[in-house]
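Student: Residue numbers (the numbering used here): -13 to 540. Beta carbons are placed, not taken as given, at the ideal position from N, Cα and C, and that holds for glycine.
1) Measuring straight from C-alpha to C-alpha, what distance separates residue 179 and residue 520?
2) Is residue 505 helix, strand or coil when you go by DSSP?
3) Just reading off the beta strand (DSSP E) that residue 411 is part of, what are its end residues?
4) For residue 394, which three-state DSSP category applies?
5) Between which two residues does the beta strand (DSSP E) containing residue 262 stretch?
6) Of all the options 166, 120, 173, 357, which has the alpha carbon lying nearest to the alpha carbon of residue 143?
7) Are the region 244 to 254 and the region 464 to 484 in contact at 8 Å, needing three or more beta carbon pairs?
8) Look at the Cβ atom of residue 230, then the Cβ atom of residue 258, and state whether they are nearer than 8 Å.
9) Please name the residue in 296, 169, 498 whose C-alpha comes closest to that of residue 198.
10) By a C-beta neighbour count over all protein chains shown, 10 Å radius and 16 as the cutoff for buried, is residue 240 buried or exposed?
11) Taking the alpha carbon of residue 379 as the reference point, which residue from 369, 358, 401, 363 has its own alpha carbon closest?
12) Put residue 229 into one of helix, strand or coil per three-state DSSP.
13) What is the C-beta distance between residue 96 and residue 381, in whole angstroms, given that I count them as a contact (C-beta under 8 Å)?
14) Does the beta-carbon distance from residue 307 to residue 511 come in below 8 Å?
15) Helix, strand or coil, according to DSSP, for residue 273 in the structure here?
16) Among the residues of its own chain, which have a CB less than 8 Å from the CB of residue 383, if the five just before and after it don't count?
17) Can you tell me the Cα-Cα spacing of residue 167 and residue 210, whole angstroms?
18) The alpha helix (DSSP H) spanning residue 173 covers which residue range?
19) For residue 205, count neighbouring Cβ atoms within 10 angstroms of its own Cβ and tell me buried if that reaches 16, exposed if not.
20) Which residues in the same chain as residue 370 place their Cβ atom closer than 8 Å to its Cβ, once the five residues preceding and following it in sequence are excluded?
21) For the beta strand (DSSP E) that residue 337 lies in, which residues bound it at each end?
22) Going residue by residue through the region 346 to 390, where are the continuous alpha helix (DSSP H) segments of at least 4 residues, counting only ones entirely within it?
23) DSSP three-state call for residue 454: helix, strand or coil?
24) Of the residues 155, 113, 149, 422, which one's Cα is nearest the Cα of residue 351?
25) How about residue 137 and residue 107: are their beta carbons less than 8 Å apart?
26) Could you give the DSSP three-state label for residue 203: helix, strand or coil?
27) Can you round the beta-carbon distance between residue 128 and residue 121 to whole angstroms, since I take them to be within the 8 Å contact cut?
28) Check whether the Cβ atoms of residue 203 and residue 182 sit closer than 8 Å, and answer yes or no.
29) For the beta strand (DSSP E) holding residue 478, just list the boundary residues, first then last.
30) Less than 8 Å between the C-beta atoms of residue 397 and residue 438, yes or no?
31) Thinking C-alpha only, which one of 152, 139, 494, 196 is nearest residue 116?
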């Protein structure tokens, strides 16, 4: 921007001769050009911006997150700063102590979780009081309160149990779903340590308090979602057909025998052909439920593989040719070529298995995937260049990609000790216009369907980093942008960050909302293609302090 002296000279130019007007105008232009040049210089001459993505944002922090401030655009009335940010912005991705209440989401004393893998065995009890209560009430005492911590005491037992289950399955397992979030994510954590990508699912109601178990799993750094598995009526799980090699229920208390076996039909849908369903523990409703489970499994032509020491394993057929269970033969779902309605109720039918080998991937699809990987490798490299500590192992654990496309963002983080929930957004009525989620699972990743006009089925304070690529352009005419931003505030932990890629005009509005309404700290940068590209990157840090905390800090 022109300096103050230049502005005053421009104001007086109307009272002098033409030559003075021309000279003053040239001075204004030169000052403006100099400002643009200064803001667009390279990293060696840049100012440093730190984003608060740590936990003790209102107190002392161990380190700072450095941002390379390099941006040359001023569009849509946006002022892009390249100078140092305030002290609260500078502390990011670093500390691990207690944090005061967050702006927006009410948080009393949230503390940054222990880093992975230590978080597998211990969480702060105050971060999940409901989870600590559920653990204390559990009959087999899989965790105990130790001062202000909740320590999980089931590691050896779960490890031995996993050995038994995987021996009975006796087949490679790459992706699994744990219905019921056993022991607050213990089963999923054990499988992940064995290289099996696992997501825990539980209903936000019921005797086992699924919401508390999912909350504990997320605190431990384990993928988990809230879903209506076992509810009445039951919605579909937010996963594509054929997503998992194994589904597991360890004393999950789902009433499998009710509603004509629909819950098992939903398990059948998300299992890959030849996949396994593992059920352990005595059925909650005794022999009647066991008989109903066996009848439902037989009607879907599942094969009993093992039944030892309270662990029962069934296998889904690799094809439905010759599947004839007499009068109990399954009814196949019709309309398979229609768009998949991810948020509909579970239907009393099973998804037919396409016979024959899967067609080879077309060369054009493989080339598109290769280009996508190259693009996201460059983009993530840019993120890490601007926010250097994003590349430091152990700073983050739970990540959410709000518009995952083909999963390129996740794939570019393959060497980092993080997990990413890849969301394929719906753009109307529960349909997925471009359903890329099956391809994401084919890459060995996990994800879910979701409509961002609705709240995400997850507890508050679930994630360390939110990433949104062109999400607000996608939803521009569908729902209020502020509703999505408020939901992002709800699910993001205090002191953590969001990365938003979008058109500069949209980012200007988002920046104003974050700074004026939410009192977040944020800054906009050029992308990897430089200042001429209208697509920019907004880094924003959720400050942890409410007004009272801010007054005490000053």
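Tutor: Let me spell this out:
1) One Cα belongs to residue 179, the other to residue 520, and the distance between them is close to 42 Å.
2) The three-state reading of DSSP puts residue 505 in coil, since its state is none of H, G, I, E or B.
3) Note, residue 411: beta strand (DSSP E), 405 to 411.
4) If DSSP states are grouped into helix, strand and coil, residue 394 belongs with the helices.
5) For residue 262, the enclosing beta strand (DSSP E) stretches over residues 257 to 266.
6) Out of 166, 120, 173, 357, 173 has the C-alpha closest to the C-alpha of residue 143.
7) Taking a contact to require three or more Cβ pairs closer than 8 Å, the region 244 to 254 and the region 464 to 484 do not qualify as touching.
8) Yes, they are a contact pair.
9) Per the Cα distances, 169.
10) Only buried fits residue 240, as 16 or more other CB atoms lie within 10 angstroms of its CB.
11) Minimum Cα distance to residue 379 is reached at 401.
12) Residue state, collapsed to three classes: coil.
13) Distance from residue 96 to residue 381 at the Cβ level is roughly 17 Å; contact not present, criterion being Cβ atoms closer than 8 Å.
14) Contact flag unset, no.
15) If DSSP states are grouped into helix, strand and coil, residue 273 belongs with the helices.
16) Counting only Cβ-Cβ distances below 8 Å, and skipping sequence neighbours, we find 99, 101, 102, 105, 207, 403, 404, 405, 450.
17) Each residue's Cα considered, the two are about 8 Å apart.
18) That run of the alpha helix (DSSP H) goes 172 to 179.
19) Here residue 205 is buried. Its C-beta has 16 or more other C-beta atoms within 10 Å.
20) Excluding positions up to five away in sequence, the list reads 376, 377.
21) No beta strand (DSSP E) holds residue 337; DSSP gives it neither H nor E.
22) Every unbroken stretch of the alpha helix (DSSP H) spanning 4 or more residues and falling wholly within the region 346 to 390 is given here in chain order: 349 to 372.
23) In the structure shown, residue 454 sits in a strand (DSSP, three-state: E or B).
24) The residue with the shortest Cα to Cα distance from residue 351 is 422.
25) Cβ atoms of residue 137 and residue 107: closer than 8 Å.
26) Residue 203 falls in the helix class under three-state DSSP.
27) Rounded, the Cβ-Cβ distance is 7 Å, consistent with contact.
28) Cβ atoms of residue 203 and residue 182: not closer than 8 Å.
29) Counting along the chain, the unbroken beta strand (DSSP E) around residue 478 starts and ends at 478 to 489.
30) Pairing residue 397 with residue 438 gives a Cβ-Cβ distance that is not under 8 Å.
31) It is 196 whose Cα lies nearest to the Cα of residue 116.
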